[in-house]
């Protein structure tokens, strides 16, 4: 689910990935037989995918892929099954499975877990745990928070971010929509689809200003963006501001272009007084 301030940079829209519990569906293989997506046959509800995932519902989709709610016969549990929407570099097996490889290195109670990855009929897929709950933005709109609750969540999220950065990974799309609040009240970071990693040879190549412009650090909004973990720290600060004020780092704006202009010129809105308690 998108947050109110969830516009994408034109260069970044195609790089967005659906995430977590707001995504799901069913098929005969992640190359099943329904929906057309740039030359791919996409899964449909009621079909068996990869011989082991019963697709139940579509949870979300973006320019890059679709996430389905799928039941794993092997694991005997529901999963979030992610498949690419179209053919091309962003949908090739190596690129698609990179998210799974990064998540395999992370074991943290506030980070979504990868359960499986593979390919069926030429279409790669990644299965992660299905986080039952609400995106942070929806949760906050339904139930105003006190300062103590905000502090409790932020300690958990910052600890998760430290674990991500310790592995050389930059998320690049931190925002309220990529934090799911579980039914037990625990926040979980999801959607590592456009994350990058620092390797022994330096940072991985980055394709322009990928991300969600309303939550981007100023350096991330440039067309020639080459960001590192500091962009995530900015975005985490933006999440804190959202919890305190209900707005993104740049406040409320009417269009993607306005957010992009504000980001590129670092027009960050002042944080108002927080809630009591």
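Residue numbers (this note's numbering): 9 to 285. Note that beta-carbon positions come from the ideal geometry of N, C-alpha and C, so glycine has one too.
Out of 234, 147, 222 and 248, the CA that lies nearest to the CA of residue 262 is found in 222. For residue 227, there is no enclosing alpha helix (DSSP H), since its DSSP letter is neither H nor E. Sixteen is the threshold: since fewer than 16 other Cβ atoms of the shown chains lie within 10 Å of the Cβ of residue 163, the residue is exposed. Counted as a single uninterrupted DSSP element, the stretch harbouring residue 139 is not any alpha helix (DSSP H), since DSSP gives it neither H nor E.
Between the region 229-242 and the region 167-185 there are three or more C-beta pairs closer than 8 Å, enough to call the two in contact.
Taking C-alpha positions only, residue 231 is separated from residue 273 by approximately 13 Å. Rounded to the nearest angstrom, the Cβ distance from residue 110 to residue 200 is 6 Å, consistent with a contact under 8 Å. Under the 10 Å beta carbon count, residue 72 is surrounded by 16 or more other beta carbons and is classified as buried. A direct Cα-to-Cα measurement between residue 104 and residue 134 gives close to 8 Å. The alpha carbon of residue 81 has as its nearest neighbour, out of 91, 90, 56 and 254, the alpha carbon of 56. Between residue 185 and residue 143, the C-beta gap is smaller than 8 Å, which places the two residues in contact. Pairing residue 140 with residue 68 gives a Cβ-Cβ distance that is not under 8 Å. Residue 118 sits close to residue 167, with the two beta carbons spaced by under 8 Å.
Counting C-beta atoms within 10 angstroms of its own C-beta, residue 66 has 16 or more neighbours from the protein chains shown and is therefore classed as buried. Between the C-alpha atoms of residue 177 and residue 218 there is a straight-line separation of about 15 Å.
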